[in-house]
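Enquirer: With this note's numbering applied, the sequence shown closes on residue 464, and no number is skipped along the way.
From the three backbone atoms N, C-alpha and C, an ideal C-beta is built for every residue, glycine too.
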Amino acid sequence: DRKVLDTYFKPAKVITGNYYLDKDKLIFQCSITDGDFNETLISFEPVSCDKANPLECIESLKQIILGYLITEDSPELNLQDTPPKFEAYRYFIDAKATISDPNAYIDLLNKAVVADSNYFEAKVDRVVHYYNTGEYSMADSLIGTIQPNSRNTRQINLLNMYRALLDGNNKKIYTHIMKEYNYAPFHIETSVGVMVVSLQYVNRPQDIDSIFKLIPMQGMEVENCTKCQSRYYVEGLAEVERKEYGKAIKTLTPITNVINDFYLKRPLIAAYVRSNNFQGLDSLFSKLSLTNSESDLKNGYLFAGKECLMSNYEEKANFYFNRIISMEEEAEDKYYTAFALYYKEAYNETEPLLKLQLEEDPDSKTLLALLAITYFKNGKKSEAESLLQQIQDLPAEYQFGSIDYALAQYYAATGHRERSFQYLLQSVAAGNIYTSQTFQNDPHFKDYRDSETFKNIMTFWH
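#1: Between TYR1 and ASN314, what straight-line distance do the alpha-carbon atoms span, to the nearest angstrom?
#2: For ILE44, would you say it is in contact with chain B, using Cβ-to-Cβ distances shorter than 8 Å as the test?
#3: What's the gap between the Cα of LYS457 and the Cα of LEU270?
#4: What residue range is occupied by the uninterrupted alpha helix (DSSP H) comprising TYR322?
#5: How many angstroms separate the CA atom of VAL115 from the CA atom of ASP83?
#6: Among GLY170, ALA319 and THR35, which has the Cα closest to the Cα of ASP142?
#7: Where TYR176 and VAL194 are concerned, what is the direct C-alpha to C-alpha distance, given to the nearest angstrom?
#8: With distances taken Cα to Cα, identify the nearest neighbour of THR155 among ASN184, GLU137 and ASN134.
#9: Per DSSP, GLY433 forms a beta bridge with which residues?
#10: Rounded to whole angstroms, what's the CA-CA distance from ALA272 to GLY302? Just pull it up for me.
#11: On the DSSP letters alone, give me the boundaries of the beta strand (DSSP E) that LEU22 sits inside.
#12: Excluding sequence positions up to five away, which residues of its chain have a Cβ less than 8 Å from the Cβ of LEU216?
#13: So, using beta-carbon positions, are GLN1 and ILE213 closer together than 8 Å?
#14: Where does ASP52 fall in DSSP's three states?
#15: When you compare only the Cα positions, how much space is there between ASP127 and TYR349?
#16: For ILE393 versus ALA371, is the C-beta spacing smaller than 8 Å?
#17: Taking buried to mean at least 16 other C-beta atoms within 10 Å of its own C-beta, is LEU168 buried or exposed?
#18: Would you mind sorting TYR322 into buried or exposed? The rule is 16 or more other CB atoms within 10 Å of its CB.
#19: Among TYR107, TYR450, LEU28 and GLY433, which residue has its Cα nearest to the Cα of HIS418?
#20: Would you give the residue range spanned by the alpha helix (DSSP H) that LEU389 belongs to?
#21: Measuring straight from C-alpha to C-alpha, what distance separates ARG92 and ALA99?
#22: Taking 8 Å as the cut-off, decide whether the C-beta atoms of PRO207 and ARG244 are in contact.
#23: By alpha-carbon positions, which one of TYR235, THR228 and LEU160 ends up nearest to VAL198?
Below, the structure written as structure tokens:
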């Protein structure tokens, strides 16, 4: 009884409850109070089962109680109206630990939802998974099955954000994720999300530093924290966009010294090129050749070459493009050579290689646009116009401005400035994003960057 509990155990929390029979059903009721019995912390919904199987009720209660106890310490991060069942929560935590393995991740999320059909966060994370893997139709289908609590403004806000993502409305995405950020500014996954959206969806690099610094990274095991790595990556990208090249090098060098993932090196390459630090860049490539795949190395040379073009280092650009061509000289697949020759403006040599790549990926908007440009440069205007029509005939659903972007590239390369601006504007309005290789970072638009029209496109969502 209470006196015994107070005398011998001094519990911080006490689980109390009762049960009764309603015809053939057993009804169990349960609540948790503080150790002094002064405050009821939570009262759970009644659990019912057949009177012949009381263990079923006990197991259900155990799952609910354990779910509450493991989530109560971070109420600001808990999206649930009621705690998830413990089994479901266990699957959910295991999923988070395997996020780098997409198949295992989604399998565990599905198991979490099966174990607790009311597990809102697991359901939402399935939507995010399918969005991130480009399976937009599946994400759209799943989001339609999630019913938020009409009184839970956070659940409603999150669903509105994911609907905005699928609609390509970057302004609404930003508005909703900032609301989520205000709920949990120290939650590392939310921090990464708001950094990505601020930089790449609405082009606000000036906002990134303060978000990054809010969560101290000292003592973090970055090698084992994918979200930590992503925070460094976005911070580095933002520093490059703010022209803080030395700072970007300082931010990213310690991380890239211990983590070999190529994507982390891309903003570092940009910082070296834009600060005219080719000694540092060559050192980076020397290490890359030892630690990464040949594909990563060629990808790095291609990116460096394009960055050199953007900074008017044409001789250096050709140096990196020629490295690619040399590496693939005896290769059957000359994927990177096709791009290297294209950016070297060797269009006669580019044409057959791009045609081969297009056979492998006939719906690639990038390949279609580059081959159309190549045809135009080689005097084959009818072939170019045929490819333009092919681009326009591609499925428009969930393309987020990529069709308009490909057309903008073509018209920029063929001297139709105003038409290019028109398609760029349409592209960003349809949900395209600003990355390290698009818009202001795309050599096709190098001569546009100082124009007022282009600046307006860059601030379209402000």
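Expert: A quick look at the data gives this:
#1: Absent from the model: residue 1. The displayed extent of the chain is 3 to 464, so no value can be given.
#2: Among the protein chains of the structure shown there is no chain B, as only one such chain exists.
#3: If you number the sequence shown from 1, residue 457 lands on position 455. If you number the sequence shown from 1, residue 270 lands on position 268. The straight-line gap from Cα to Cα measures roughly 25 Å.
#4: Translated into the one-based positions of the sequence shown, residue 322 becomes position 320. Start and end: 316-329.
#5: Numbered from 1 along the sequence shown, position 113 holds the residue referred to as residue 115. Numbered from 1 along the sequence shown, position 81 holds the residue referred to as residue 83. Cα-Cα distance, rounded: 15 Å.
#6: Residue numbering aside, residue 142 sits at position 140 when the sequence shown is read from its first letter. It is GLY170.
#7: Here residue 176 refers to the residue found at position 174 of the sequence shown. Here residue 194 refers to the residue found at position 192 of the sequence shown. Their Cα atoms are separated by approximately 13 Å.
#8: For the purposes of this step, residue 155 is identified with residue 153 of the sequence shown, where counting begins at 1. The shortest C-alpha separation from THR155 is found at ASN184.
#9: Here residue 433 corresponds to residue number 431 of the sequence shown, with the count starting at 1. Looking at the DSSP output, GLY433 bridges to nothing.
#10: Working through the sequence shown from its first residue, we reach residue 272 at position 270. Working through the sequence shown from its first residue, we reach residue 302 at position 300. In a straight line, the C-alpha of ALA272 is about 10 Å away from that of GLY302.
#11: For the purposes of this step, residue 22 is identified with residue 20 of the sequence shown, where counting begins at 1. According to the sequence provided, residue 22 is Tyr. The question's Leu does not apply to it. Counting along the chain, the unbroken beta strand (DSSP E) around TYR22 starts and ends at 15-24.
#12: If you number the sequence shown from 1, residue 216 lands on position 214. If we look at LEU216 and ignore the five residues flanking it on each side, its Cβ neighbours are PRO187, PHE188 and SER193.
#13: Nothing about residue 1 can be reported from this structure: the residues present for the chain run from 3 to 464 only.
#14: Taking the sequence shown and counting its residues from 1, one reaches residue 52 at position 50. Strand.
#15: Your numbering for residue 127 matches position 125 in the sequence shown. Your numbering for residue 349 matches position 347 in the sequence shown. Roughly 45 Å between the two C-alpha positions.
#16: Taking the first residue of the sequence shown as 1, we reach residue 393 at position 391. Taking the first residue of the sequence shown as 1, we reach residue 371 at position 369. Cβ atoms of ILE393 and ALA371: closer than 8 Å.
#17: As a first step, residue 168 is located in the sequence shown; it is residue number 166 there, counting from the start. Under a 10 Å Cβ-count criterion, LEU168 is classified as buried, with 16 or more other Cβ atoms of the shown protein chains found around its own Cβ.
#18: Numbered from 1 along the sequence shown, position 320 holds the residue referred to as residue 322. Of the other Cβ atoms in all chains shown, 16 or more fall within 10 Å of the Cβ of TYR322; this residue is therefore buried.
#19: Taking the sequence shown and counting its residues from 1, the one referred to as residue 418 is at position 416. Here the closest residue by C-alpha is TYR450.
#20: Taking the first residue of the sequence shown as position 1, residue 389 is located at position 387. Counting along the chain, LEU389 sits inside the alpha helix (DSSP H) bounded by residues 383-394.
#21: Against the sequence shown, residue 92 aligns to sequence position 90. Against the sequence shown, residue 99 aligns to sequence position 97. For ARG92 and ALA99, the distance between alpha carbons rounds to 11 Å.
#22: Here residue 207 corresponds to residue number 205 of the sequence shown, with the count starting at 1. Here residue 244 corresponds to residue number 242 of the sequence shown, with the count starting at 1. Yes. Within cutoff.
#23: To locate residue 198, count along the sequence shown from 1; it is residue 196. Here the closest residue by C-alpha is TYR235.
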